[in-house]
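Here is the structure we will look at.
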Amino acid sequence: MTDKIVAFIDIGTNSARLLVVSISPNGAYHMLSRIKDIVRLGEDEYISGVAKIMPEAIDRLVLVLKRFVDLSRTFGDAEFVMMATSAMREATNAQEIVDQIRSDLGLEIQIISGKEEARLIHLGVAAGMSLGNDQALFIDIGGGSTELIVGGQYSYSTLESMQLGAIRITNQCIKKNFSGALPQKKQTKMMNRIMTVAMPALQRISEHPFTRAVGSSGTTINLAEIAQRLYHAEESSEKLVLLLADLDKLFTYLSSLSLEERRRVPGINPERADIILAGAAILLAVMKTLKIPQLEISDRGLREGILMDYLAVIPGTPQSEQMPVKDASILQLGRYCRLEEDHAKAVQKNVLTMFDSAKLCGLHNYGAWERELLANAAWLHDVGDFLSFIGHHQHGEYIIRNTELLGFDQREIEIMAKIVRYHRKKLPGRKDSEFGSLSIEDRDRVRSMAIFLRTAELLNRSHAVSVTDVYYSCKGGDATLNVAAPESSDLTLELMSLAPETALFTKVFGKKLTVRRV
Numbered sequence: 131m132t133d134k135i136v137a138f139i140d141i142g143t144n145s146a147r148l149l150v151v152s153i154s155p156n157g158a159y160h161m162l163s164r165i166k167d168i169v170r171l172g173e174d175e176y177i178s179g180v181a182k183i184m185p186e187a188i189d190r191l192v193l194v195l196k197r198f199v200d201l202s203r204t205f206g207d208a209e210f211v212m213m214a215t216s217a218m219r220e221a222t223n224a225q226e227i228v229d230q231i232r233s234d235l236g237l238e239i240q241i242i243s244g245k246e247e248a249r250l251i252h253l254g255v256a257a258g259m260s261l262g263n264d265q266a267l268f269i270d271i272g273g274g275s276t277e278l279i280v281g282g283q284y285s286y287s288t289l290e291s292m293q294l295g296a297i298r299i300t301n302q303c304i305k306k307n308f309s310g311a312l313p314q315k316k317q318t319k320m321m322n323r324i325m326t327v328a329m330p331a332l333q334r335i336s337e338h339p340f341t342r343a344v345g346s347s348g349t350t351i352n353l354a355e356i357a358q359r360l361y362h363a364e365e366s367s368e369k370l371v372l373l374l375a376d377l378d379k380l381f382t383y384l385s386s387l388s389l390e391e392r393r394r395v396p397g398i399n400p401e402r403a404d405i406i407l408a409g410a411a412i413l414l415a416v417m418k419t420l421k422i423p424q425l426e427i428s429d430r431g432l433r434e435g436i437l438m439d440y441l442a443v444i445p446g447t448p449q450s451e452q453m454p455v456k457d458a459s460i461l462q463l464g465r466y467c468r469l470e471e472d473h474a475k476a477v478q479k480n481v482l483t484m485f486d487s488a489k490l491c492g493l494h495n496y497g498a499w500e501r502e503l504l505a506n507a508a509w510l511h512d513v514g515d516f517l518s519f520i521g522h523h524q525h526g527e528y529i530i531r532n533t534e535l536l537g538f539d540q541r542e543i544e545i546m547a548k549i550v551r552y553h554r555k556k557l558p559g560r561k562d563s564e565f566g567s568l569s570i571e572d573r574d575r576v577r578s579m580a581i582f583l584r585t586a587e588l589l590n591r592s593h594a595v596s597v598t599d600v601y602y603s604c605k606g607g608d609a610t611l612n613v614a615a616p617e618s619s620d621l622t623l624e625l626m627s628l629a630p631e632t633a634l635f636t637k638v639f640g641k642k643l644t645v646r647r648v
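FYI, the numbering for the sequence shown is 131 to 648, going by my numbering.
This is the structure:
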């Protein structure tokens, strides 16, 4: 069976977004392309009482969709899943556009409700982060609507869709072709309109407790990028955040600039300069009303949610089984690289037994965090075979470091990649440059856990899964690796392979190692 190529398209009020993925028969997926184009579908739509998409906007949409189709088909015979949101669901001529796209491009557009949009946004954003038991508020400001969701990793407690968006509020509150600074009177008018529309939904949201807040969509991301450049340029942060205090200052500052001056603000996307004031005002109203001091920023959204929803109906996928984000990321990468799962499971089981027994006899004092990283590295240790068996430990390091492993930070990814890199061949010294940017403490972690992974791999070298148990015991200055297997199992190859590893064990742990079959 071959992989399926699926193109997911999100037609928003401001932008159209494309995500092309290759989906394996086992449900693992790989992103092939991810792009967006500004279409301004809602341009001039929300000014009068009758919502209608203008002919120029329809032409732009058709042109962009044709480009999306052509790009997607370069990867093979693609299936298309396309959804449209606020601009299309309110437009009186929406059916005409649907018919034109069907006639011109042979594609079907599904126009979704605001609450369905909110549900899919939650799916897409939550799938890219580890929430644990936290409840979070998800905020997505689009061109025509703003979606608010309170939910956890897999479920939500409430969905809200407000008729507030960066293009809609710009059209309604800022005169067309106005290019000057926004005076205080217009700022007040804009904020009053936003609060009038938003207050019922914000009151309902306030009845659902949350401990974190996450912002998605191009407007929110760009506001966070501008704030980072203007107010925190000297600070280095792995994750982009937006502080309420910074947003408050930023709204005042951007309002004081003309359109041309806004286009030159450090970090701004010039294509958003005309609508970013409205987007900032909406976000400011939400954060102030709900007393949100800080917003975590996600670059995921509706199109990723459409993908997660698609995968959730495929039996056996992590999405269908509601796995934790990290577990799902590791499983899907391994499956996409077509690793031998029985071997990976056997190595993972043995490596964790060794980790636990080594801690009991004082070989290390690492905890649950290191144990999880080791378990993941054990599952992925052979992903490099996907490229070539020769040098597969090096290929494995490259794949892990250059794959979007959701839920992990860069330090965790680097440690896992290095454990896989050193599960065979040379094990470097603590100060060797091969460790890259890892701290001395993390280098020690890698060296220790690589020893366990090397041993577990060698004990299943034949892929026969003969070893039933393996554990360390210590007495005085010596350590013993106890290997259990049925009497009928021939472990000659495995035990011989371990002989050179005893010297490495002594170098890392400072104890003489004896291997004993029990």
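Built from N, CA and C at the ideal position, the CB exists for glycine as well.
Among the options, nearest to residue i - alpha-carbon criterion
i: A652; options: Q452, R170, D439, T222; result: Residue 652 cannot be examined here, being either before or after the span of the chain that is shown, 131 to 648.
i: Y466; options: P448, E617, K479; result: P448
i: I165; options: S145, R584, I356, I153; result: S145
i: F582; options: A547, L482, V648, A458; result: L482
i: M259; options: E534, L588, Q478; result: E534
i: L463; options: Y159, G521, E631, M329; result: Y159
i: E624; options: T644, K642, A586; result: A586
i: D574; options: V638, I543, T326, E502; result: V638
i: L253; options: I239, Y286, Q240, G262; result: Y286
i: M161; options: V192, I135, I168, P155; result: I135
i: R584; options: L360, R560, D599, Y552; result: Y552
i: D472; options: R554, A498, A375, H511; result: H511
i: R501; options: I529, Q478, G492, F519; result: Q478
i: L377; options: E246, A411, M329, V151; result: A411
i: R190; options: V199, S202, L171, A208; result: L171
i: E220; options: R298, P185, I269; result: R298
Residues near residue i in its chain [Cβ-Cβ closer than 6 Å; skip 5 each side]
i: G526; result: V513, G514, V550
i: F138; result: L149, V211, R433, I436, L437
i: V455; result: S260, L536, G537
i: A596; result: In the sequence under discussion, the amino acid at residue 596 is Ser, which differs from the Ala named in the question. Taken in chain order, the residues that qualify are A615, S619.
i: V650; result: As displayed, the chain neither begins before 131 nor continues past 648, which places residue 650 out of reach and without an answer.
Extent of the continuous alpha helix (DSSP H) to which residue i belongs
i: D620; result: Run containing D620: none; DSSP gives neither H nor E here.
i: S578; result: 570-588
i: M218; result: 216-220
i: T143; result: Here T143 belongs to no alpha helix (DSSP H), and DSSP marks it neither H nor E.
i: E226; result: 224-235
i: E564; result: Where E564 is concerned, there is no enclosing alpha helix (DSSP H), given that its DSSP letter is neither H nor E.
i: K456; result: 455-466
i: T636; result: 631-639
Sequence-distant residues of its chain with Cβ nearer than 7 Å to residue i (five each side left out)
i: F340; result: Q265, A266, L267, V280
i: A256; result: G281, Q283
i: E368; result: D539, Q540
Residue i: first and last residue of the uninterrupted beta strand (DSSP E) it sits in
i: A614; result: 608-614
i: L162; result: 159-168
i: K245; result: Segment 244-256 is the alpha helix (DSSP H) holding K245; no beta strand (DSSP E) there.
i: F205; result: Counting along the chain, F205 falls outside any beta strand (DSSP E), and DSSP gives it neither H nor E.
i: S287; result: 286-292
i: T644; result: 642-647
i: V280; result: 276-281
i: E544; result: First-last for E544: 540-551, but that is the alpha helix (DSSP H), not the beta strand (DSSP E).
i: Q424; result: 424-427
i: Y602; result: 599-605
i: I183; result: Element bounds for I183: n/a, residue is neither H nor E.
i: L267; result: 266-271
8 Å Cβ shell around residue i - same chain, five flanking residues per side excluded
i: I304; result: L312, K316, M320, L407, A408
Under 8 Å between C-beta atoms of residue i and residue j
i: V654; j: V613; result: For residue 654 there is no data in the structure shown, the boundaries of the chain being 131 and 648.
i: T143; j: G244; result: no
i: A74; j: T349; result: One cannot answer for residue 74 here, as it falls past the ends of the chain, which runs 131 to 648.
i: G345; j: I251; result: no
i: G157; j: L536; result: no
i: S336; j: L387; result: no
i: I422; j: A357; result: no
i: V228; j: I242; result: no
i: H593; j: E401; result: no
i: L503; j: I444; result: no
i: M579; j: A507; result: yes
i: Y602; j: L517; result: no
i: L289; j: R334; result: no
i: A547; j: I530; result: yes
i: R430; j: P396; result: no
Heavy atom of the ligand HEM within 7 Å of residue i beta-carbon
i: K319; result: Because no ligand of any kind appears in the structure shown, any question about the ligand HEM cannot be addressed here.
Within the region 300-344, ranges of the alpha helix (DSSP H) (whole runs, at least 4 residues): Counting whole runs of 4 or more residues, the region 300-344 contains the alpha helix (DSSP H) stretches 314-335.
Residue ranges of each alpha helix (DSSP H) within the region 339-405, 4 or longer: 348-361, 374-385, 389-393
Every unbroken alpha helix (DSSP H) within the region 480-527, with a cutoff of 4 residues, ordered by chain: 498-510
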